[in-house]
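**Student:** Quick mapping for you: the protein sequence lines, in order, are chains A and B. Numbered according to the working numbering, the first sequence spans residues 33 to 422. Numbered according to the working numbering, the second sequence spans residues 841 to 1157. C-beta: ideal position from N, C-alpha, C; glycine also. The structure is given below, and queries will be raised subsequently.
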Amino acid sequence: MTMADSDAPKAGAPIKEPRFGFLRRSYAMLVKELIQLKRDRLTFAMTIVIPVMQLLLFGYAINTTPRHLPTAVLLQEDSDLGRSILKALENTAYFRFTREVHSVAEFDDLLLSGRVLFGVEIPRGFERAVRRGEKPAILVAADATDPVAAGSALSALGQIVQNALVHDRVAGDPANPPFEIRAHARYNPAASSRLNIVPGLVGTILTMTMLIFTALSVTREIERGTMENLLSMPITPVEVMLGKILPYVGVGFIQASLILGIGVLLFGVPLRGSLAMLALLSTLFITTNLAIGYTFSTLVQNQLQAMQASMMFFLPSILLSGFMFPFAGMPVWAQYIGECLPLTHYLRIVRAIMLKGSTLENLHYDALALLTLMLIAMTIAVTRFRRTLD
Amino acid sequence: MTAAPTIASDARDIAIDVRGLTKSFNGREVVHDLSMQVKRGSIYGFLGPNGSGKTTTIRMLCGLLTPDRGEGTCLGFDIRTEAAKIKRRVGYMTQRFSLYQDLSVRENLEFVARLYGVPDARGAARDMIKRLGLSGREEQLAGELSGGWKQRLALGACTLPNPQLLLLDEPTAGVDPKARRDFWNEIHALAAEGLTVLVSTHYMDEAERCHEIAYIAYGYLLAHGTVDQVIAGSQLSTWVATGEGLGALAHELAGKPGVDMVAPFGTSLHVSGRDQAALEQTLAPYRKDPRQSWQHGAPSLEDVFIELMSRSKDNFQ
Chain A
33 MTMADSDAPK AGAPIKEPRF GFLRRSYAML VKELIQLKRD RLTFAMTIVI PVMQLLLFGY
93 AINTTPRHLP TAVLLQEDSD LGRSILKALE NTAYFRFTRE VHSVAEFDDL LLSGRVLFGV
153 EIPRGFERAV RRGEKPAILV AADATDPVAA GSALSALGQI VQNALVHDRV AGDPANPPFE
213 IRAHARYNPA ASSRLNIVPG LVGTILTMTM LIFTALSVTR EIERGTMENL LSMPITPVEV
273 MLGKILPYVG VGFIQASLIL GIGVLLFGVP LRGSLAMLAL LSTLFITTNL AIGYTFSTLV
333 QNQLQAMQAS MMFFLPSILL SGFMFPFAGM PVWAQYIGEC LPLTHYLRIV RAIMLKGSTL
393 ENLHYDALAL LTLMLIAMTI AVTRFRRTLD
Chain B
841 MTAAPTIASD ARDIAIDVRG LTKSFNGREV VHDLSMQVKR GSIYGFLGPN GSGKTTTIRM
901 LCGLLTPDRG EGTCLGFDIR TEAAKIKRRV GYMTQRFSLY QDLSVRENLE FVARLYGVPD
961 ARGAARDMIK RLGLSGREEQ LAGELSGGWK QRLALGACTL PNPQLLLLDE PTAGVDPKAR
1021 RDFWNEIHAL AAEGLTVLVS THYMDEAERC HEIAYIAYGY LLAHGTVDQV IAGSQLSTWV
1081 ATGEGLGALA HELAGKPGVD MVAPFGTSLH VSGRDQAALE QTLAPYRKDP RQSWQHGAPS
1141 LEDVFIELMS RSKDNFQ
C-alpha cells in the first residue's frame, strides 16, 4: 500500500508528459477504435463476409467469352440439311436453342425484348436450292448491342459451314460450299462498345446515387436524435417513406436527363425508341432504387452499416447485371441473382429503347420486374419501420 | 362514441390514468408496477435520479414505448391501442433537442405545423415565433441557437399543434437560471389556459413550482402528492447545524444510530433521520458544542428525496 500511496500523484499535481507520448496517445485512440469496431457486430461481420462472398460470387460468375447464348430458331422448312446445320451451330457451344418460332414477327420480338441474343432462320426451299447449286443463305441475326457477348459467337460462324459439311457428309465441296451463312449484327453493326456502355452507365450511375440518398435517411434521423420527435408526432410509416423518396425522384430524373443528354450529344448514342417511354421507365427504375435504399435504412442501425449495405448491393449490380460482363455468359444461378437486381432489368430497357427502338410491348417483362422489386422493397421498408422506440 | 358515463367524466378531469406499468430492457426492469393519475389542468412534476425510469414512463404515456404489463389511458385514450389518437393531442418535448438542427427556426415550426395538419402552417409558425420572442431569429438554423433558445423553440414546437397535454422530459437541463424561470412562467401560463403538463426534472426549486409531484427511483414510484404531503409523508426529522467544523462533524455523524442522512448545504449541515428519538439521543452531546448552533428544522424536499432514494437503494438494488 505504501508503494501505491507514494506513486499516486498528489491532488492537483499535473501529470508529467510521459515518454513516447505520441505513441501512447495514438495507442489510446487505436484501442478505442478497436472496441467500437467490436461493438458494431454487423460491421465486424461485414468486414469478413463481404470480401469472401464477393470474391466467390464474382470469381465464379464472371465470364467474358460467353457460351450457350440463348438463340431462337425460325424453321421455314424441315429438312435434314437444315438440321445438320443447326446441330453444327449448337456444337460450337456458343448457341443454345431456347425457342422455336414460326413467324418473322415473333423472331423480331424475341430479339427486341432481349430474351434471345441470336436468331437463326432456315429459309423455305433451302435444301432444294442447295441441290440446285443456288448457294442459298442461312440468316444468323445477332443482337450486337453488347459486342462482347455477340462477338466471339459471330466470329465462330465461319467454320460452321465446313464442319456441317464434314461431319454430316453433306454433298458438296468444302472449298466451295453449296450455301452460305449470312451474319447480321443488328442494332450496333460497327460493334462499338461505347453504344453499349453509355446507356449502361445511366443505370449504374443512377443506382449508386439513388441508393446512397435514401440509405442514410432513416439512420440519420436516429443518429441525430430527431427520430424520437418524429415518432411522437402523428405520421405513419408510409407517409415518412413517401416524403423521403419523392424529392429524390426529381433529383434522379434530372440526373438521368443529364447523363442521357450527354450520351446522345457527346457520344453519339442513338435514341431509336420513344423518349417518353424511356423517361417513364427511368422514373420507375429511379424509384425502385430509392425504395431499396430506404429499405436498407430501416434494416441497419447506423450510417456506416447503411453505407456498407449499399456497397454490398452496388457491386453485384455492376458485375452481375450485364453492365460489365455479358449477362447471358453467366452461370444460371448467377443469372437468377441478376434477375433480382433492378439494374439488370433497366439495362435491358435502356439499351433496348435507345439502340433497338424497342417498345413497352417488347419490354413488359422487365418493366413488371422493376415494379415488383419496388413494391417488395417498399413493403419491407414499411413493415420494418418501427413506430416505437422498443 | 358511446363511452360509459363514468369513463367520460373521468376523462374530463383526469388526463393520465395508468395502472401497473412495467417495462424491461434486455431483462432489466426499468419501470416497475407504476400507477399514477394526473388531473387535467395541473402541473405534475416527475422527479427522480438519473436512470430511474422517468423517460421510459413518459415514452410509454405517449405511445413511443409499449409497456410489457399494465394498462391505462392518456386523455381518455388507451395507451396500448390508441397511440395514434394520443399523438395528435400530446406535445412531447424530448430530453435531447430533437428538432432539425439544419432547418431554420421557421422551417422547423412549419414542418411541425404541417405534420399536424394545422390549416395555415406559415401563419401558425409566424405566431409562434412571435410568442416565443424569437422574432428576428426565424431564419437562424436551429442548431446555431443557444441552449436556452433551443429549449424555447422545442417548447414552441410541441405547443404549436394546440395539444391538451404536454410531456416535458427534463426541459430545463443545462439551461441558465433566468431562462429556467421564464420557462416555468410559460408553463404556468399554459396550465392556466387548461393544458395539463407533466414535467420531469432534477431541480428541487422546480418541483416546488408543481401542483403535484411524484418521486420515482429504480423504477418504483416512491411518493406522490403535493410538496407538503410528500414532506409530511416522509416522517423525516431534520436538525440543521450552522457554525464551524461542519466538515469534520459530518464525517463523525454519518452512520451513527438514528442518523439516516447527513448533507452539507454550504454554511449549514442537515442531519436527518426517521427515528426522531434515536436521532435526538445521538445529537444530544453534539448540541452542547459551542462551535455550532443547532435548530430543529423541517426537512427540505431534497432531504426527503435523497432519503427516499438511499432507502429504496437498500430495498431494491
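Quick one: what does DSSP say A/I47 is sitting in, helix, strand or coil?
**Tutor:** Coil, per DSSP.
**Student:** Can you pull the chain A neighbours of B/S938, defined as C-beta to C-beta under 7 angstroms?
**Tutor:** Ordered by position in chain A, the residues that pass the 7 angstroms Cβ test against B/S938 are G257, T258, E260, N261.
**Student:** Which first and last residues belong to the alpha helix (DSSP H) in which B/E1092 is found?
**Tutor:** Run containing B/E1092: 1086 to 1093, per the alpha helix (DSSP H) assignment.
**Student:** With 8 angstroms as the threshold, decide whether the Cβ of B/R946 is near any Cβ in chain A.
**Tutor:** Closer than 8 angstroms: no.
**Student:** For B/P1125, does the three-state DSSP call read helix, strand or coil?
**Tutor:** Reduced to three states, the DSSP call for B/P1125 is helix.
**Student:** Could you check which residue in B/R1021, B/I919, B/A994 has the C-alpha nearest to that of B/L1008?
**Tutor:** Per the Cα distances, B/A994.
**Student:** Would you kindly work out how many angstroms separate the C-alpha atoms of B/S849 and B/F917, rounded to a whole number?
**Tutor:** Low local confidence applies: a pLDDT of 46 at B/S849 is under 50, so the model's placement there is unreliable, with the coordinate-based value given in what follows. Cα to Cα, B/S849 sits roughly 13 angstroms from B/F917.
**Student:** Between which two residues does the alpha helix (DSSP H) holding B/M933 run?
**Tutor:** B/M933 -> not in any alpha helix (DSSP H); beta strand (DSSP E) instead, spanning 930 to 933.
**Student:** So the candidates are B/A1047, B/E1052, B/Q991, B/A997; which of them puts its Cα closest to the Cα of B/F1023?
**Tutor:** For the residues B/A1047, B/E1052, B/Q991, B/A997, the minimum Cα distance to B/F1023 belongs to B/Q991.
**Student:** Just how far apart, CA to CA, sit A/R380 and A/K119?
**Tutor:** About 29 angstroms.
**Student:** Does the distance from the C-beta atom of B/G1214 to that of B/V870 stay below 8 angstroms?
**Tutor:** Only positions 841 to 1157 of chain B appear in the structure, and residue 1214 of chain B is not among them; the question remains open.
**Student:** Using 8 angstroms as the threshold, is the C-beta distance between A/G370 and A/F359 below it?
**Tutor:** Yes, the Cβ-Cβ distance between A/G370 and A/F359 is below 8 angstroms.
**Student:** In the DSSP assignment, find the beta strand (DSSP E) that holds A/V148 and state where it starts and stops.
**Tutor:** Unbroken run through A/V148: none, as it is neither H nor E.
**Student:** For B/T906, return the contacting residues in chain A, with the cut-off set at a CB-CB distance below 7 angstroms.
**Tutor:** In chain order: T420, D422.
**Student:** If I follow the unbroken alpha helix (DSSP H) through B/T999, where does it start and stop?
**Tutor:** Taken as a continuous stretch (DSSP letters only), the alpha helix (DSSP H) holding B/T999 covers 987 to 999.
**Student:** Using three-state DSSP, classify B/P1104 as helix, strand or coil.
**Tutor:** DSSP places B/P1104 in strand when its eight states are reduced to three.
**Student:** Between the segment 1032 to 1056 of chain B and chain A, which residues of the former have a C-beta closer than 9 angstroms to a C-beta of the latter?
**Tutor:** Against chain A - using a Cβ distance shorter than 9 angstroms - the segment 1032 to 1056 of chain B contributes no residues.
**Student:** Does the Cβ-Cβ distance between A/G232 and A/R304 come in under 8 angstroms?
**Tutor:** Cβ distance not < 8 angstroms, so A/G232 and A/R304 don't count as in contact.
**Student:** Contact between the segment 941 to 956 of chain B and the segment 1015 to 1035 of chain B: three or more CB pairs below 8 angstroms?
**Tutor:** Verdict: no, contact absent.
**Student:** In chain order, what residues of the same chain have a beta carbon less than 6 angstroms from the beta carbon of B/A844, not counting five sequence neighbours either side?
**Tutor:** Model confidence at B/A844 stands at a pLDDT of 41, short of 50, so the residue's coordinates are unreliable; what they give is reported in the following sentence. Once the five neighbours on either side are set aside, B/A844 has no close Cβ partner at all.
**Student:** Exposed or buried, B/Y1055, counting other C-beta atoms within 10 Å across all chains shown (16 or more means buried)?
**Tutor:** Classification of B/Y1055: buried, given that the 10 Å Cβ count is 16 or more.
**Student:** Give the C-beta separation of B/G910 and B/V858 to the nearest angstrom, bearing in mind that I take them to be a contact with Cβ-Cβ under 8 angstroms.
**Tutor:** With 8 angstroms as the limit, B/G910 and B/V858 qualify as a contact, their Cβ atoms being about 7 angstroms apart.
**Student:** When the distance is taken between beta carbons, is A/I213 closer than 8 angstroms to A/V148?
**Tutor:** Cβ distance not < 8 angstroms, so A/V148 and A/I213 don't count as in contact.
**Student:** I want to verify the contact list: residues of chain A whose CB lies under 9 angstroms from the CB of B/L1119, in sequence order.
**Tutor:** Result: empty, since nearest Cβ-Cβ is about 34 angstroms, beyond 9 angstroms.
**Student:** Let me confirm a value: B/F865 is counted as buried when at least 16 other C-beta atoms fall within 10 Å, else exposed. Which label applies?
**Tutor:** The residue in question, B/F865, is exposed, as its Cβ has fewer than 16 Cβ neighbours within 10 Å.
**Student:** Could you tell me which of B/E1142, B/E1026, B/E1052 sits nearest to B/R971, measuring between CA atoms?
**Tutor:** When each option's Cα is compared against that of B/R971, the closest is B/E1026.
**Student:** For the segment 158 to 175 of chain A against the segment 218 to 235 of chain A, are there 3 or more C-beta pairs whose distance is under 8 angstroms?
**Tutor:** With the cut-off at 8 angstroms, the segment 158 to 175 of chain A and the segment 218 to 235 of chain A touch.
**Student:** Return the first residue and the last residue of the alpha helix (DSSP H) that A/G232 is part of.
**Tutor:** A/G232 -> alpha helix (DSSP H) spans 225 to 247.
**Student:** Can you find at least 3 beta carbon pairs, one from the segment 1037 to 1053 of chain B and one from the segment 1081 to 1100 of chain B, that sit closer than 8 angstroms?
**Tutor:** Segments in contact, no.
**Student:** Whose C-alpha, out of B/G987, B/A1032, B/L974, is nearest the C-alpha of B/R880?
**Tutor:** Comparing Cα positions, the closest option is B/A1032.
**Student:** To the nearest angstrom, report how far apart A/F245 and A/L66 are at their CA atoms.
**Tutor:** Distance between the alpha carbons of A/F245 and A/L66: 29 angstroms.
**Student:** Step through the CB atoms of chain A and report whether any lies within less than 8 angstroms of the CB of B/R899.
**Tutor:** Yes, its Cβ sits closer than 8 angstroms to a Cβ of chain A.
**Student:** List, in chain order, every chain A residue whose beta-carbon is nearer than 8 angstroms to that of B/C902.
**Tutor:** By Cβ distance, chain A contributes S264.
**Student:** Please state whether DSSP places A/H396 in a helix, a strand or coil.
**Tutor:** Of the three classes helix, strand and coil, the one that applies to A/H396 here is helix, per DSSP.
**Student:** Please list the segments of the alpha helix (DSSP H) lying wholly inside the segment 987 to 1068 of chain B, counting only runs of 4 or more residues, in order along the chain.
**Tutor:** You should have 987 to 999, 1017 to 1032, 1044 to 1047.
**Student:** Is the beta carbon of A/P231 within less than 7 angstroms of some heavy atom of the ligand FAD?
**Tutor:** Looking for the ligand FAD in the displayed structure turns up nothing, as the structure carries no ligands at all.
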